[in-house]
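> Those letters in the sequence shown? Residues 2 to 201, by this note's numbering.
Don't be surprised by glycine CBs; every beta carbon is placed ideally from N, CA and C.
In this text the structure is predicted, and so the values were computed from the model without any measurement.
I am attaching a structure below and will ask some questions about it afterwards.
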Amino acid sequence: MAYIFLDESGDLGFDFTKKKTSKYFVIVFLFVHNKGPIEKIIKKVFRSFSTKEIKRRPRVLHCYKETPKTRHKVLNRLNEHNVSVLSVTLNKKKVYARLHDEKHVLYNYVTNILLDRIFSKKLIPLDQPVHLIASKRETNRFLNDNFRSYLERQVSSNFKLKLSVEIKTPHEEKCLQVVDFVCWSLFRKKEHEDESYYNL
């Protein structure tokens with residue numbers, strides 16, 4: 002089975018007068034055939050922490066909260082594995098005004114662009130089941146169901162393939178913690194012109 006792990010960095014706010022509003026929004030797909038070794042990256046990093054360091058974390062690593070040492074550790078360990086990464090960066094100032102208040106529509110659309118590239122360019126084997134696990138970003142169940150059904154429908158209609166989509170928290174799925182580090186690094190490069198983590 003092929004696995005796709007999805008995470009995003011930045012925000013979908015469009016009030017650029019606010020300091021916390023990002024200029025860019027990044028979505029990343031991480032592809033693996035065997036998720037076991039990727040899950041072990043997080044387990045090994047936690048084993049390297051002192052008891053005091055573990056207490057500060059609820060068993061979840063969030064890249065933006067971590068030290069440079071931990072960021073390097075996760076990214077360097079990931080480099081040891083055979084994974085593929087595909088991303089799309091949205092320049093929010095170029096987004097049509099009508100979509101500013103339709104954030105879930107915009108998110109679904111951008112995610113589908115990535116899926117279309119994957120399947121049309123055959124970046125993953127198409128002769129086996131594909132399972133996409135997205136990091137939970139909406140507490141609204143309707144929006145989660147809409148996202149799931151939209152992607153499954155698009156892939157089935159355009160490529161005659163079966164895609165199963167799950168939405169989980171990083172606590173439930175350790176691989177989402179790893180893709181968070183990749184996504185943050187790409188966002189950091191674009192938003193802050195800092196390539197130090199991207200180049201790892």
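Using DSSP's beta-bridge definition, name the partner residues of glutamate 81.
Paired residues: none, contrary to the question.
> Take lysine 191 and list the residues in its own chain whose beta-carbon comes closer than 6 Å to its own, dropping the five residues that flank it on each side.
Answer for lysine 191: Tyr25 and Thr90, listed in chain order.
> Please go through the same chain and pick out, in chain order, the residues whose beta-carbon is closer than 8 Å to the beta-carbon of valine 46, but skip the five residues on each side of it.
The residues are Leu62, Thr71, Lys74, Val75 and Arg78.
> For leucine 162, which option in Phe182, Arg138, Leu115 and Leu127 has the closest C-alpha, if you only look at C-alpha atoms?
Checked all of Phe182, Arg138, Leu115 and Leu127; the closest Cα to leucine 162 is Leu127.
> Using a 10 Å radius around the Cβ and a threshold of 16 neighbouring Cβ atoms, would you call phenylalanine 188 buried or exposed?
Under this definition phenylalanine 188 is a buried residue.
> Starting from the C-beta of arginine 60, find all residues in its chain whose C-beta is less than 8 Å away, skip the five residues before and the five after it, and write them out in chain order.
Correct list, in chain order: Phe47 and His172.
> Exposed or buried, what is glutamate 103 when buried is set at 16 or more other beta-carbons lying within 10 Å of its beta-carbon?
So glutamate 103 ends up on the exposed side.
> Taking C-alpha atoms, which residue in Cys64, Ile5 and Phe17 lies nearest to asparagine 35?
Of Cys64, Ile5 and Phe17, the residue nearest in Cα terms is Ile5.
> Since I believe valine 179 is in contact with isoleucine 39 (beta carbons under 8 Å), could you give me their beta-carbon distance rounded to a whole number of angstroms?
Right, their Cβ atoms sit about 5 Å apart.
> Need the endpoints of the alpha helix (DSSP H) that glutamate 192 sits in, please.
Run containing glutamate 192: 175-193, per the alpha helix (DSSP H) assignment.
> Rounded to the nearest angstrom, how far is the Cβ of isoleucine 168 from that of arginine 149, given a contact under 8 Å?
About 7 Å; that satisfies the 8 Å criterion.
> What is the C-beta distance between aspartate 8 and valine 29, in whole angstroms, given that I count them as a contact (C-beta under 8 Å)?
Correct: roughly 6 Å between the Cβ atoms.
> Quick check on the DSSP output: what are the complete beta strand (DSSP E) runs of length 3 or more inside the region 101-187, in order along the chain?
For the region 101-187, whole beta strand (DSSP E) runs of length 3 or above, ordered along the chain, are 131-136 and 164-169.
> Using the DSSP secondary-structure output, state which residues sit across from aspartate 8 in a beta bridge.
Per DSSP, Val29.
> Taking all protein chains shown into account, do 16 or more other C-beta atoms lie within 10 angstroms of the C-beta of isoleucine 114, making it buried, or fewer, making it exposed?
Exposed.
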